[in-house]
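All remarks here apply to the structure that follows.
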Amino acid sequence: MHNSSNKILYGIDLSGLANQKTKIVKCEEHANSVEFSLITKNPFSVPRKGNFFIGDDSLSPYVEFIKQIVYESDGVYVDIPLDLQDLPNPKDPHYLWQCSLRPIDKALGGLAPLGNFIGTPLAQFRFLLNEAQLFSQIGEKIFETYPKASLELLYVKGLQKNVPKYKSLAALYKNNNWEGINNGVADIANFLNIKSHNGVQIDDDILDAIICCLAGLNDYTFKDGDLNSYMLSCLPESRLNPEKIEIPKGYRLAYITSRPEKEFIFIN
0 MHNSSNKILY GIDLSGLANQ KTKIVKCEEH ANSVEFSLIT KNPFSVPRKG NFFIGDDSLS
60 PYVEFIKQIV YESDGVYVDI PLDLQDLPNP KDPHYLWQCS LRPIDKALGG LAPLGNFIGT
120 PLAQFRFLLN EAQLFSQIGE KIFETYPKAS LELLYVKGLQ KNVPKYKSLA ALYKNNNWEG
180 INNGVADIAN FLNIKSHNGV QIDDDILDAI ICCLAGLNDY TFKDGDLNSY MLSCLPESRL
240 NPEKIEIPKG YRLAYITSRP EKEFIFIN
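Residue numbering for the sequence shown follows numbering that gives the first Met the number 0, starting at 0 and increasing by one per position.
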């Protein structure tokens, strides 16, 4: 159990079980600061082949890890679809896109949940949730989020005009500043005023995991009716009945409308 005065969250930038790109960040909120730390020792950091054997309890480390972080924290925020909302068999669709996208995906420019790019990690993560008997925690302790959409809210709707390109980039912290030439990771980290120690490096995946965490902080969480209204405002199709459209269960974004008052600290 953790101190009830501190909020503990986990953000997961998920890339599946068969590679080492998945990044997991622990977030601990204090009275005047928010600390982020990279969880380097976890089952997802072990390289695997796509055809590795999953019998004989070989998935137990993944299952136990997911259960541990869910039950020891106030929430786990992962950038993978959780509530598929009847995909791939939508009820009474009016548009072709409804066969592959949820309304939230269409509204926010998200990827097709069952498409090639995220279909594999989605299936693997759902399998782990099933093995861990955690499906009931979706919307309670496990939440879906979308860092790209949170950044667009931050920049387009909030404080700047355009989200800088940051994918496949990394930045180095030096002399109280994140450094990188034409580097969106550095720009975003500096904009959020994330502090660290000289020599610490973050890449786009770590940054996404941090943004995942922000979706769970009370000061920035964007959810429920407000998020549903925003989604509807982004859907131009006139034949959709707004009374039958809702955000997926457990869907959250981070909406930062001003420079964070609390100090953000990344601890490697």
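Each residue gets a CB set at the ideal place from its N, CA and C atoms; glycine is no exception.
Pull up the distance between the alpha-carbon of residue i and that of residue j, whole angstroms please.
i: Met0; j: Ser72; result: Any reading at Met0 is ruled out, since the residue's pLDDT is 43, under 50, leaving its predicted position unreliable.
i: Arg125; j: Tyr76; result: 14 Å
i: Cys211; j: Leu152; result: 13 Å
i: Leu58; j: Gly198; result: 35 Å
i: Phe43; j: Gln97; result: 32 Å
i: Pro89; j: Tyr165; result: 34 Å
i: Ala30; j: Lys261; result: 8 Å
i: Lys6; j: Asn217; result: 10 Å
i: Leu100; j: Leu110; result: 8 Å
i: Arg258; j: Asp202; result: 22 Å
i: Trp177; j: Leu95; result: 44 Å
i: Asp78; j: Gly224; result: 21 Å
Suppose the cutoff is 7 Å on Cβ atoms and the five residues either side in sequence are ignored; what does the same chain contact list for residue i look like?
i: Ser275; result: Lying before the first or after the last residue shown, residue 275 is absent from the chain, which here runs from 0 to 267.
i: Asn182; result: Leu168, Ala170
i: Pro241; result: Leu231
i: Asp204; result: Asp12, Lys20, Lys22
i: Ala185; result: Ala170, Trp177, Glu178, Gly179
Can you tell which of the options has its C-alpha closest to the C-alpha of residue i?
i: Pro102; options: Ala253, Leu252, Thr256, Cys233; result: Cys233
i: Leu283; options: Phe265, Asn267, Leu231; result: The structure shown does not extend to residue 283, since the chain spans only 0 to 267, so no value can be given for it.
i: Val24; options: Asn18, Ala30, Leu16, Leu37; result: Leu37
i: Leu113; options: Asn175, Pro87, Ala30; result: Pro87
i: Gln200; options: Gln132, Gly138, Tyr254, Asn267; result: Asn267
i: Val162; options: Glu262, Gly179, Phe190, Ile141; result: Phe190
i: Leu127; options: Lys173, Gln84, Leu226, Leu16; result: Leu16
i: Ile187; options: Leu239, Asp91, Arg47, Leu150; result: Leu150
i: Pro60; options: Gly118, Tyr254, Ala131, Tyr172; result: Ala131
Would you say residue i lies against chain D (beta-carbon separation less than 9 Å)?
i: Glu236; result: In the structure shown, chain D cannot be found, because there is only a single protein chain.
Can you tell me whether residue i is buried or exposed, with buried defined as 16 or more other CB within 10 angstroms of its CB?
i: Cys26; result: buried
i: Tyr70; result: exposed
i: Pro80; result: buried
i: Val155; result: exposed
i: Phe134; result: exposed
i: Lys105; result: buried
i: Asp207; result: buried
i: Ala214; result: buried
i: Glu63; result: exposed
i: Glu39; result: With the sequence shown as reference, residue 39 is identified as Thr, and Glu is not the correct amino acid for it. Looking at its Cβ environment, which holds fewer than 16 other Cβ atoms inside 10 Å, Thr39 is exposed.
i: Thr256; result: exposed
Can you give me the Cβ contacts of residue i inside the same chain, cut-off strictly under 6 Å, excluding the 5 residues immediately before and after it?
i: Tyr9; result: Lys25, Ile68, Ser72, Val75
i: Gly138; result: Lys248, Gly249
What residues in its chain sit with their C-beta under 8 Å from that of residue i, if we drop five residues either side in the sequence?
i: Ile264; result: Ser32, Val33, Glu34, Phe35, Ile193, Lys194, Ser195
Consider the C-beta atom of residue i and the heavy atoms of the ligand FAD; say whether any pair is separated by less than 8 Å.
i: Gly215; result: This structure lacks the ligand FAD, and indeed carries no ligand of any kind.
Item checked: At least three beta-carbon pairs within less than 8 Å, the region 247 to 254 to the region 136 to 146 -> Result yes; three or more Cβ-Cβ pairs closer than 8 Å.
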